[in-house]
Every structure is written in structure tokens, then in C-alpha cells.
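Numbering (my numbering), first residue to last: 3 to 87.
See structure below.
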Amino acid sequence: MLKPVLCGGEILLDFFSKETGKGLDHSVLFEKRPGGSIFNVVVALRRLGVSVSFLTKIGGDVICPRADGYYKKRENKYRMSKKRH
3 MLKPVLCGGE ILLDFFSKET GKGLDHSVLF EKRPGGSIFN VVVALRRLGV SVSFLTKIGG
63 DVICPRADGY YKKRENKYRM SKKRH
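Structural data, given as C-alpha cells:
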């Protein structure tokens, strides 16, 4: 049986070009998704069936509300909250 894992760190926003054949420097349309190395580890562990929690602080800039609610919509498999569960 796998033990639960707690990961801590920052969450970043990854930008992916939605324009075929154009790099980031020539694109104007992007898909934005939460990411960053530690956050990607959290997602990968969960997909492997590990009970995992992610501890971070959500900032106050214009992007942060998007990051806070992103995984609440994903079948409750991944959930982020400012509240302690």
C-alpha cells in the first residue's frame, strides 16, 4: 500500500501555443494551464493512484484565481482550496 504524499511548492501557469507551426514568439493565441515542476509531480502521482496533497500559497495577481479553481472542475480527482480539509 502506498503512503500518502504531501508536496509543497509554487504553482506556475504554462502557456501553450494554439497556432499550429508557430512558436511562442510568433503566437497570439494560447492555452493556459497550471503547471510547474512540483505541480506536475502532484498530478502524475495522483494519476498513478497515490493519495497526494499539494501545499502552496495562491498569490493576488490576475492569474491566481484561475489557478485556484482549475482542478475543482476535474471530477473531484484533483482539488485545490484555500481551506484546510
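A virtual CB, placed ideally from N, CA and C, is assigned to each residue, including glycine.
**Study point:** From T22, L15, S53, residue whose alpha carbon lies closest to that of S39
**Key:** The shortest Cα separation from S39 among T22, L15, S53 belongs to L15.
Point to revise | Neighbourhood of K75 by C-beta, 7 Å cutoff - its chain only, sequence neighbours within 5 removed | key: Low confidence applies to K75: its pLDDT is 49, below 50, so where it sits in the model is not reliable, and the reading given next is rough at best. The answer is none, since no qualifying residue turns up.
**Study point:** Distance, I13 Cα to L57 Cα
**Key:** If you draw a straight line from the Cα of L57 to the Cα of I13, it comes to about 10 Å.
Check your understanding: With a CB to CB cut of under 7 Å and the five nearest residues on each side skipped, what residues in its chain are close to V52?
Key -> Cβ neighbours of V52 beyond the five flanking positions: L4, V7.
Check your understanding: Grouping DSSP H, G and I as helix and E and B as strand, with all else coil, what is L14?
Key -> It is a strand residue.
Review point. Would you call F17 buried or exposed, if buried means 16 or more other Cβ atoms sit within 10 Å of its Cβ?
Key: With fewer than 16 Cβ atoms within 10 Å of its Cβ, F17 is classed as exposed.
Review point. When we look at the beta-carbon of V54 and count the other beta-carbons within 10 Å, is it buried (16 or more) or exposed?
Key: Counting of Cβ neighbours within 10 angstroms places V54 among the buried residues, the total reaching 16 or more.
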